[in-house]
Amino acid sequence: MVLESLLTAQIAERKPLKMLPLSVLYSSIGVLLALWIFPSNYLAVIAFTVIAMIPLMVNIMRLEESKEEISKSLIPLSSHRDIFPFFVYMFVGLTISFAIWFLILPHEAVSQLFSSQISAISGHVAINSIFTKIFINNIRVLAFSIIFSLLYGAGAIFIITWNASLVGVAIANTARSLVAGQSANYFGAFSIGVARYLTHGIP
3 MVLESLLTAQ
13 IAERKPLKML
23 PLSVLYSSIG
33 VLLALWIFPS
43 NYLAVIAFTV
53 IAMIPLMVNI
63 MRLEESKEEI
73 SKSLIPLSSH
83 RDIFPFFVYM
93 FVGLTISFAI
103 WFLILPHEAV
113 SQLFSSQISA
123 ISGHVAINSI
133 FTKIFINNIR
143 VLAFSIIFSL
153 LYGAGAIFII
163 TWNASLVGVA
173 IANTARSLVA
183 GQSANYFGAF
193 SIGVARYLTH
203 GIP
């Protein structure tokens with residue numbers, strides 16, 4: 003498979019920064035496939051992104067299991083500390099990608115692909131209210147990711163991808179509100195949105 007050959011589990015663990023552009027690529031493919039095949043299904047973009055990432059995730063989990071068997075560490079999480087940056091850069095890449103697609107796609111496509119995310123953040127006009135909602139959401143995400151990783155290794159990707167799409171939509175929505183239709187100011191507004199929400203989106 004072409005996507006599987008782009009990054010091996012060993013390189014991803016040693017150089018987790020490579021996951022940032024790769025996550026952007028995976029999610030972009032997910033968006034394009036969703037627009038082409040299931041344009042009216044809001045879960046399609048999440049599903050296609052997760053499917054693209056599963057092979058690498060499975061290889062990463064196998065690598066971690068083999069390391070754990072060798073190390074026989076007395077501290078359960080100590081043998082997995084090298085994988086944390088991998089998930090962080092994955093999340094950041096996905097978030098940035100979803101935010102950019104939210105900004106550049108036509109309104110009709112956005113309202114279909116991201117309808118659930120838009121619904122989740124709508125009705126919370128106050129910034130502090132959104133902050134609280136995202137922070138509480140990410141406490142849940144952290145717990146579910148740990149449980150999914152233990153019970154079903156690749157299942158954690160779905161939770162991470164969904165959360166990244168939610169934060170990405172919040173960032174892009176903030177950018178659109180700040181520029182009020184002035185595309186020349188999108189970069190500055192996007193940066194403000196990232197500063198407001200991205201740190202709240204990383205469990």
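For what it's worth, the working numbering labels the leading residue of the sequence shown as 3, then goes sequentially. Backbone N, C-alpha and C fix where the C-beta goes; we use that ideal spot for every residue, glycine too.
Return helix, strand or coil for residue i, following the three-state DSSP convention.
{"i": "ASN175", "result": "helix"}
{"i": "LEU96", "result": "helix"}
{"i": "GLN12", "result": "helix"}
{"i": "TYR28", "result": "helix"}
{"i": "PHE40", "result": "coil"}
{"i": "PRO23", "result": "helix"}
{"i": "LEU2", "result": "The structure shown has nothing for residue 2, since the chain only spans 3 to 205."}
{"i": "LEU45", "result": "coil"}
{"i": "PRO87", "result": "helix"}
{"i": "ALA128", "result": "Residue confidence is low: ALA128 scores 48 on pLDDT, short of 50, so the model does not pin down where it sits. No coordinate-derived value is stated."}
{"i": "LEU105", "result": "helix"}
{"i": "ILE159", "result": "helix"}
{"i": "LEU79", "result": "Any reading at LEU79 is ruled out, since the residue's pLDDT is 49, under 50, leaving its predicted position unreliable."}
Return the first residue and the last residue of the alpha helix (DSSP H) that residue i is part of.
{"i": "PRO18", "result": "Looking at the DSSP string, PRO18 is not in any alpha helix (DSSP H), and its letter there is neither H nor E."}
{"i": "SER7", "result": "Run containing SER7: none; DSSP gives neither H nor E here."}
{"i": "SER117", "result": "117-123"}
Indicate whether residue i and residue j have their beta-carbon atoms separated by less than 8 Å.
{"i": "ALA122", "j": "LEU58", "result": "no"}
{"i": "LEU105", "j": "ALA174", "result": "yes"}
{"i": "PHE86", "j": "ILE162", "result": "no"}
{"i": "ALA46", "j": "ILE39", "result": "yes"}
{"i": "VAL169", "j": "THR51", "result": "no"}
{"i": "TYR44", "j": "SER99", "result": "no"}
{"i": "LEU35", "j": "TYR91", "result": "no"}
{"i": "PRO41", "j": "GLN114", "result": "yes"}
{"i": "ILE159", "j": "MET63", "result": "no"}
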